[in-house]
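Undergrad:
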Amino acid sequence: MADPNASPARFARTAHVARKEWAEKTARAAFFLMAIAMVVPLVVIVSYLVWRAWPSLSWDFLTDVPRRGMTAGGIWPAFVGTLYLVGISLAVSAPIGVLAAVYLNEYAKDNWFNRLVSLAVINLAGVPSIVHALFGLGAFVYAAHLGLSIMSAALTLAIMTLPVIIASTREALASVPVAFREACWNVGATRWQTIRAVVLPNSISGILTGVILQVSRAAGETAPIMFTGAVFYKAVARGDLFPYRLDEQCMALSMHLYTLATQVPNVKESMQYATAVVLLGSVLLVNAAAIALRIWMRGRKKW
Amino acid sequence: MGQPPKIEVENLRLAYGAQEVVHSISFDVRPNEILGVIGPAQSGKTSLLRCLNRTIDFSPNAIVSGSIRLDGRDVRATKDVFDLRRRIGMVAPLPVGLPLSIYDNVAFAPRCAGLRRRGDIDAIVERCLTQAALWDEVKDRLDSLGTALSGGQQQRLTIARALSHQPEVLCLDEFSIAIDPVTTMRIEDVLKDLRSEMTIILVTNLTQQARRLADRTMFLLDGNIVEIDDTPIIFSSGAASQKTRDYVNGVFG
Amino acid sequence: MTTDTPPVPTSQRRPTRSRWAVGAEKLLEALIHVSGVSAIVFVLAIFAFVFRVAAPVLVSEHFHILQFLFSPEWYPTSASHVRYGTLALTVGTLAVTALAMVIAVPFGLGAAIFVSEFCGRRLRETLKVVIELLSAIPSVVWGFIGLTVMSRLIVDYTGAPVGVNVLNGGIILALMSVPIIVSIGEDALKAVPDSYREAGIALGATRWQMIYRVLLPAAKNGLLAAVLLGVARAVGETMAVLMATGHAVQIPHSILDSVRTLTANIAAELGEAPVGSDHYRVLFLTGLLLFAITFAVNLTADLVVRGIRKK
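If you read the protein sequences in the order shown, they are chains A, B and C.
Numbering follows the numbering used here, with no gaps: position 65 of the first sequence is 65.
Convert by adding 303 to the 1-based position in the second sequence; the result is the number in the numbering used here.
Convert by adding 556 to the 1-based position in the third sequence; the result is the number in the numbering used here.
#1: PHE227 (chain A) touches chain C at which residues, Cβ-Cβ below 9 Å?
#2: Could you tell me which of A:ALA252, A:ASP247 and A:ALA218 sits nearest to PHE232 (chain A), measuring between CA atoms?
#3: Let me make sure I understand the geometry here. Which of C:PRO735, C:CYS675 and C:VAL734 has the alpha-carbon closest to that of ARG31 (chain A)?
#4: For chain F, find out if any of its Cβ atoms is closer than 8 Å to the Cβ of ASN186 (chain A); answer yes or no.
#5: Give every residue of the same chain whose Cβ lies closer than 6 Å to the Cβ of ALA667 (chain C), excluding the five residues on either side of it in the sequence, and list them in chain order.
#6: For the putative contact between LEU846 (chain C) and PRO128 (chain A), defined by C-beta atoms under 8 Å, what is the C-beta separation to the nearest angstrom?
#7: Look at the alpha carbon of PHE522 (chain B) and the alpha carbon of SER591 (chain C), and state the distance between them as a whole number of angstroms.
#8: Distance cutoff 8 Å, beta carbons only. Does GLY299 (chain A) sit that close to anything in chain C?
#9: Listing by chain order, which chain A residues have their CB less than 7 Å from the CB of TRP764 (chain C)?
#10: Whose Cβ in chain B lies nearer than 8 Å to the Cβ of VAL198 (chain A)?
#11: For the beta strand (DSSP E) holding GLY369 (chain B), just list the boundary residues, first then last.
#12: For THR262 (chain A), go through chain C and note every residue whose CB falls closer than 8 Å to its CB, in chain order.
#13: Measuring only the C-alpha atoms, how far is ASP813 (chain C) from ILE710 (chain C)?
#14: For SER591 (chain C) and chain A, any beta-carbon pair shorter than 8 Å?
#15: Checking 8 Å against the spacing of the C-beta atoms, do ALA783 (chain C) and VAL652 (chain C) come in under that value?
#16: Would you verify that the beta carbon of VAL131 (chain A) is, or is not, closer than 8 Å to some beta carbon of chain C?
#17: If I measure Cβ to Cβ from GLN457 (chain B) and keep anything under 6 Å in the same chain, skipping five residues before and after, which residues do I get?
#18: Using the C-alpha atoms, what's the distance from ASN854 (chain C) back to ALA848 (chain C)?
#19: Can you tell which of C:GLY719, C:PHE626, C:LEU779 and C:ARG763 has its C-alpha closest to the C-alpha of ILE807 (chain C)?
#20: Any idea what DSSP makes of MET393 (chain B), helix, strand or coil?
#21: Counting only beta-carbon atoms, is THR14 (chain A) nearer than 8 Å to chain C?
#22: On a CA-only basis, which of A:ALA274, A:SER254, A:LYS20 and A:ALA35 is nearest VAL685 (chain C)? Give me that one, please.
#23: Looking at the secondary structure, which residues open and close the beta strand (DSSP E) in which ALA318 (chain B) lies?
#24: For chain A, find out if any of its Cβ atoms is closer than 8 Å to the Cβ of PHE478 (chain B); answer yes or no.
#25: For GLU617 (chain C), is the classification buried or exposed, using 16 other Cβ atoms within 10 angstroms of its Cβ as the cut-off for buried?
#26: By the DSSP assignment, the beta strand (DSSP E) with ASN527 (chain B) in it spans what residues?
#27: So that I know if they touch, is there some Cβ in chain C lying closer than 8 Å to that of TRP59 (chain A)?
#28: State the beta-bridge partners of MET799 (chain C) as determined by DSSP.
#29: Given this structure, state the Cα-to-Cα distance separating LEU339 (chain A) from VAL770 (chain C), to the nearest angstrom.
#30: Please report the distance separating the alpha-carbon of GLY526 (chain B) from that of CYS354 (chain B).
#31: Are any of the Cβ atoms in chain B nearer than 8 Å to that of THR71 (chain A)?
#32: Would you mind sorting ASN364 (chain B) into buried or exposed? The rule is 16 or more other CB atoms within 10 Å of its CB.
#33: Give the list of continuous alpha helix (DSSP H) stretches no shorter than 4 residues that lie fully inside the segment 742-810 of chain C.
#34: Residues of chain B with CB under 9 Å from ARG575 (chain C), in chain order?
#35: Which same chain residues end up closer than 8 Å to VAL860 (chain C) when comparing Cβ atoms and leaving out the 5 residues on each side of it in sequence?
#36: Nearest chain C C-beta to LEU280 (chain A) closer than 8 Å, yes or no?
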């Protein structure tokens, strides 16, 4: 008596099965193409920008000051200005952000007040950059009498980067298992002693990654600084590392790109592209460093 | 005998929100005894320990009433809760090695308490690891990570940590559920030796473990004390309650 | 077992922490609490300071709130007949955002499905790095690309008179929003337990059928959140649309028309409006309007996202 389960007809490749296989293959290919549709623009954009920028890219371009009404020369003041803005804004937002995240993750009880604080952080993260500019104007330039200056612009950038630093630091802190904290409390350690000995050292890489990513964001934003302290043109000595006072306005790389592309006539196209390449290149480099840090730290896990 | 009790619990009630889990229990713990606490899961055994060292404070919806007196002073009224937690050692069910070196694991509590001198700390580390029956295995690699040890070693490391702050009372909460029988037996020997220095409360789901180690045993069921008496009595047919005899003989639980 | 322990010190004196250490810790914990509360302070501050500048115009004789919200006539500098209608700007924002989502959502979700379900580990890591780098491109660079590259392409291929228009802005915004949609969408798909997938396959479904019938319905909240966050990004974007959509304050009739968005409008006119004038204050009021819109969208998205992460 033949065993019906052994019949080859059960596993035959009928038309129905063939159709299913074909549908599967098509679906896989379609999704693959969609994913590739992300890689392609990045590669194409970066290559095209570099290609068009090539005639103007040089060490001189970076270190020289703009000449002849910015149609020639370099971008040094803008580059240095961006360094000032990013440095000061992160010096303000990183400590506050990390401490705020420590509060939210380690100290805050689950009550309505702390839920409100969490909500505030999310809200702050979603504010459009132009509204940050308006706030900077209203609060720092006018109310605090800082005027149009590097301080105003940097503080505006600080408020902009603060919520994301809080969120990424919280994630890093939360990745440390609760069991470690409980073991510390059981031997009479205070909350801070626990944080200092176990929680912070084991989340520092996540915290650093979050801060570094905000460096690139602060460097790339234009609107918040356009109206609070970044300016069209400022006379600066070539290659000078400390050309600005904090109460002065400054040039910035992001603002400079906007200026060259829309406000100054007769700028060589390759110069515009070169400015874009320097800005984009710096930003991508910083991000790549953060990603590399994260991958390296993943290999050194302690538990 | 005739010494005042080390711990006096009077009408202790604990509720998580609206649900009461410990229903007004009262009992004493005598100095230098091993008190076994047995009972099925969800009886309130762990909650009881957490009330003792005030880690119940970390549960936001826990409501505690009644009194727990350590050497006559109510733990709920104490000002320095950290000092209280150092006077009571706690060993959790799951072994936890902190992600620090073995040395730092044991040095952690003394340092938090303010001890600074290297020599003093060295002495404490060696003494506690020896008392916990771990010294010989790790003395050559005190710098290696605590989390890299085996489960049984990490549990002994936890005991060493618990001993490092000179507790007067040592509480163990089902310490053997995640470790092998050989390590369990070694730790049971350690506990027998420690009895001369401190009072021990041993919460366990292994009734035979209580029978081996405890001087007196308390049977906790659904947040109520069914019976508390000398161990030989609890485990014999002379136990006062039928429920005790049933539990001890494995009829339920 | 031998207990060859070193002797316990005879004076069982318990060590205590120095007053300095306790004091420093209290100070640090105070700082921590202050920092935590600061986030609320800053959000309220943003609202307060912008409102402070905007408020006086609400009672000005030339300003009418209904006109502000629903009229397409934006003539802030007219000498004789000043009008502050933002409808054209709002429609401009909606048009560009809608077009961007039409492009970005299918591609973004498709890529998320690929990365989550069809991808090998190495390829997944590479793609995730690419997504992160794509999302790091500054908005002014995107605007620059729109202004130069995309504009030329559009003029060449569609015969439009000007290359900066809804189409340009829509494409650029799509490229900017895709990374968010992919990464949150992938989180949402990862959050669906493997048991769902296994159940589908066990019933004889192919991978695609399983995705379509089991996975997507299970992850729909998170995928919705991903789209909402993409929308929020697009609505709030300033520099890219400023440079890529042109300068016409008008309700567009085709995607080849130039428009201006709410965000770009503020950026374009803020520098020229006299400080303290009605025009200036109306621009701040527009900022408040934007604040409210993006708040609503972000809040909705976050409520949904936190729902999945908790599972």
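Ideal Cβ placement from N, Cα and C applies to all residues, glycine included.
TA: Here's the rundown:
#1: ALA823, LEU826 and GLY827
#2: A:ALA252
#3: According to the sequence shown, residue 31 (chain A) is Phe rather than Arg. The option with the nearest alpha carbon to PHE31 (chain A) is C:CYS675.
#4: Going by chain labels, chain F is absent from the structure shown, which instead holds the protein chains A, B and C.
#5: VAL738
#6: 5 Å
#7: 49 Å
#8: no
#9: ALA23, GLU24 and ALA27
#10: LEU401, PRO402 and LEU403
#11: 365-373
#12: LEU703 and MET799
#13: 12 Å
#14: yes
#15: The amino acid occupying residue 783 (chain C) in the given sequence is Val; Ala does not appear at that position. No, Cβ-Cβ distance for VAL783 (chain C) and VAL652 (chain C) is not below 8 Å.
#16: yes
#17: PRO398 and GLY400
#18: 10 Å
#19: C:PHE626
#20: strand
#21: no
#22: A:ALA35
#23: 310-319
#24: no
#25: exposed
#26: 527-533
#27: no
#28: Per DSSP, none; premise fails for MET799 (chain C).
#29: Nothing can be reported for residue 339 (chain A): it is not among the residues displayed for chain A, which extend from 1 to 303.
#30: 13 Å
#31: no
#32: exposed
#33: 750-758, 763-766, 776-792 and 795-800
#34: In chain order: nothing, as chain B lies at least about 10 Å away.
#35: ASN777, GLY778, LEU780, ALA781 and LEU784
#36: yes
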